[in-house]
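The sequence shown begins at 387 in my numbering and counts up by one.
All C-beta atoms, glycine included, are put in the ideal place defined by N, C-alpha and C.
These numbers were taken from a predicted model, which means no experiment stands behind them.
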Amino acid sequence: MGKHVVCSSKELRPGERMIVELEGKSIGIFNIKDNYYAVKNVCPHQFAQLCTGEVMGVMLPSEPHEYNYGKDGEIIRCPWHGWEFDIITGKSVFDPGKCRVKSYEVQVMAYLTEDVARLETYPVEVESDWVVVAV
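This is the structure we're talking about:
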């Protein structure tokens with residue numbers, strides 16, 4: 387896993403992202419409240435360029451008739467089918483394998499396990515004002 391300088395920390399302000407190519411991989415770098423995170427720019431569902439999707443928050447668990455919105459700026463939504471992932475952990479916000487709805491006969495092309503429905507993440511550090519990603 388090599389380290390790569392991607393930009394100055396001044397070039398990637400809080401709430402911003404950039405997509406870079408490192409070692410043949412497209413990687414999205416995100417500044418979330420002055421903390422830096424990197425994820426592979428591929429949605430595990432249908433391989434869309436995930437990091438071009440909307441960055442937002444989610445509704446959090448709450449009591450009946452209460453609505454709590456949180457994790458603002460920490461969730462990325464795939465531009466193709468709306469799959470959502472936590473940028474910080476890489477985990478799927480909504481695990482489609484555990485949701486029960488009325489079922490219909492279908493042809494399964496691929497099976498998504500918990501590991502498949504997770505993004506590849508990369509360590510990010512700030513060294514002397516430079517954002518450095520280890521790939």
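State the start and end residues of the unbroken beta strand (DSSP E) segment that holds ARG463. 454–463
Only counting the same chain, and skipping five residues up and downstream in sequence, which positions put a Cβ closer than 8 Å to that of ALA434? VAL428, CYS464, PRO465, TRP466, HIS467
Could you please give me the residues that DSSP links to CYS393 through a beta bridge? VAL517
Looking at C-beta atoms only, is the number of pairs between the stretch 409–419 and the stretch 445–454 that lie closer than 8 Å three or more? no
Where ALA496 and HIS431 are concerned, what is the direct C-alpha to C-alpha distance, given to the nearest angstrom? Residue placement at ALA496 cannot be trusted, given a pLDDT of 44 that sits under 50; the coordinates are not used to answer.
Could you check which residue in GLU397, MET442, MET404 has the C-alpha nearest to that of MET424? Reading the sequence as shown, one finds Ala at residue 424 and not Met. The shortest Cα separation from ALA424 among GLU397, MET442, MET404 belongs to MET404.
Among the residues of its own chain, which have a CB less than 8 Å from the CB of VAL510, if the five just before and after it don't count? ILE415, TYR422, TYR423, ALA424, VAL517, VAL518, VAL519, ALA520
C-alpha gap between HIS390 and MET445, whole angstroms: 35 Å
From MET442 to GLY459, what does the alpha carbon distance come to, in whole angstroms? 5 Å
What is the DSSP secondary structure of LEU505, counted as helix, strand or coil? coil
Simplified DSSP assignment, three categories, for LEU436: helix
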